[in-house]
Amino acid sequence: MRPNLPTLGAPPKRNPFGPVVAVSVILGAAAGGVWWWKQRMAQATQEVTAEAQAPAPDAGTPTPQQATAAAPGATTPPATPENPVKAAGLEHASMRINGPLETAFVQAAGSDVGPALSQVVTRTLVWWVRVPGEVLRGDTLDVIYQRRDGEEPLVYAVRFVSAKTGQTHRAYRFQPEGEANARYYLPTGEELELRLEHSPIDTYEQVTSLLRDGRGHKGVDFRAPVGTPVKAPFAGVIKRKNWNWGSNGNSLELVESGGKARRALFLHLSELPKSLQAGARFNVGQVLAHSGNTGHSFAPHLHYQLMTQDDRVLDPFDQHKTYRGALKATQKSAFEQEVRRLDGLLGTPVAGK
Ligand SMILES: [Zn+2]
């Protein structure tokens with residue numbers, strides 16, 4: 038069973054991830070047999086490594102996870118009579134990487150939610166490291182999340198500690214007052230995700246697939262409601278429309294005028310007007326179309342793909358200038374309050390920024 042899909046929609050005809058997921062699930066099942074033993078080993082090593090990796094002053098305090106995961110016969114009593122994560126209606130997955138990321142999630146969260154949780158958390162990890170290449174043995178990952186029926190789990194906080202660099206990365210889900218969407222923010226109040234200058238889409242919930250997320254997907258997926266304006270990322274001419282409809286749905290290809298003559302592909306759009314035909318010219322920033330959920334698409338989103346004339350795939354996050362949005366000053370105190378709450382659930386205090 039695959040509770041979730043690696044991307045929201047993609048032009049490749051066959052999904053190369055099915056076998057990988059299947060193998061991972063089998064590995065997860067096999068790992069289940071030695072789960073109890075590993076828990077004990079993890080318990081034994083956690084205390085030794087906690088001091089080495091965590092600069093936090095009270096790193097010796099057991100996290101809720103450690104408290105609940107205590108092996109039979111362990112002498113450490115729980116820190117609090119009631120698990121605060123559970124009381125908040127949430128769950129805490131705590132893991133040390135020792136192989137494939139998904140296997141770690143299956144071990145920490147179970148085979149039902151583990152694979153989907155791994156995919157959702159990957160959308161935050163990709164802004165810090167290459168996945169899976171830079172998620173390495175010895176790294177630790179803590180996730181506060183909520184299971185949802187028939188939907189991917191909702192992730193509230195992610196803390197990733199790289200054993201190699203010693204850096205701690207954190208992201209928090211927060212919906213600022215007056216904003217349509219909750220987004221992920223860094224402890225500084227800046228957005229986790231970079232934004233593109235001359236972006237083809239301004240209003241979206243999340244980037245759900247990047248070129249560097251290891252899925253072999255050729256574009257960037259922006260999750261956005263149907264009908265969100267899609268704009269020309271450069272001045273250009275429409276080359277084709279609605280090709281390979283079963284896969285791409287309503288689609289446009291825009292060829293850059295002059296310069297590098299890059300090709301921008303926009304897939305899964307809302308219905309396009311008949312008047313829009315090959316040869317139509319657009320200026321940068323001009324609305325071309327509206328996002329949709331057509332063709333091989335599992336949720337409303339825009340697939341944006343950049344290519345050279347000779348079919349080489351380009352990364353929009355390299356091709357565009359990028360910047361980070363940030364919370365307004367008036368939104369910061371509510372955010373900081375939420376960071377304190379989630380840090381409490383993650384189990385270590387805020388140390389530095
Ligand atoms: Zn896509």
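For the sequence shown, my numbering gives the first residue as 38, with consecutive numbering after it.
We put the beta carbon where it would ideally sit given N, CA and C, even for glycine.
In this text the structure is predicted, and so the values were computed from the model without any measurement.
Check the C-beta distance from residue i over to residue j and give it rounded, since I have them as a contact under 8 Å.
i: H333; j: G283; result: 7 Å
i: T359; j: R299; result: Contact flag wrong, Cβ pair sits at about 17 Å.
i: Y222; j: F372; result: 7 Å
i: N320; j: A363; result: Between A363 and N320 the Cβ distance is about 29 Å, and since that is not below 8 Å, they are no contact.
i: G126; j: Q183; result: 7 Å
i: Y341; j: F259; result: 7 Å
i: V244; j: E230; result: 5 Å
i: A124; j: M132; result: At roughly 22 Å, the Cβ-Cβ gap does not stay under 8 Å, so A124 and M132 are not in contact.
i: A261; j: L351; result: Wrong, their Cβ atoms sit about 21 Å apart, outside the cutoff.
i: I275; j: A315; result: 5 Å
i: P152; j: V166; result: With a Cβ gap of about 20 Å, P152 and V166 do not count as contacting.
Does the Cβ-Cβ distance between residue i and residue j come in under 9 Å?
i: L343; j: G215; result: no
i: H305; j: N281; result: no
i: K365; j: P213; result: yes
i: V163; j: L233; result: no
i: L191; j: R210; result: yes
i: R287; j: E308; result: The displayed chain sequence assigns Asn, not Arg, to residue 287. Yes, Cβ-Cβ distance for N287 and E308 is below 9 Å.
i: A194; j: A208; result: yes
i: A326; j: V376; result: no
i: S294; j: R277; result: no
i: L382; j: V158; result: no
i: H235; j: G322; result: yes
i: H206; j: G384; result: no
i: R160; j: D250; result: yes
i: S155; j: L138; result: yes
i: L289; j: L313; result: yes
i: G170; j: I134; result: no
i: G226; j: Q368; result: yes
Using a Cβ-Cβ distance cut-off of 9 Å, determine whether residue i contacts chain B.
i: V192; result: No chain B appears in this structure, which consists of one protein chain only.
Please confirm whether any heavy atom of ligand 2 lies closer than 8 Å to the CB of residue i.
i: G256; result: The ligand content of the structure shown is limited to ligand 1, which means ligand 2 is not among them.
Whole alpha helix (DSSP H) runs in the segment 112 to 193 with 4 or more residues, listed along the chain? 121 to 124, 138 to 146 and 151 to 162
Secondary structure, beta strand (DSSP E): runs of 3+ residues fully inside the segment 282 to 348: 287 to 293, 300 to 306, 324 to 327 and 338 to 344
Evaluate the contact criterion for the segment 138 to 151 versus the segment 194 to 203: three or more CB pairs, one atom per stretch, below 8 Å. no
Quick one: any contact between the segment 175 to 190 and the segment 236 to 245, if contact means 3 or more CB pairs under 8 Å? no
Inside the segment 248 to 287 only - alpha helix (DSSP H) runs reaching at least 4 residues: 282 to 285
Only counting runs of 4 or more residues, tell me where the alpha helix (DSSP H) segments fall wholly within the segment 347 to 384, in order along the chain. 353 to 356 and 369 to 383
Quick one: which unbroken alpha helix (DSSP H) runs of 4-plus residues sit fully inside the segment 215 to 251? Chain order, please. none
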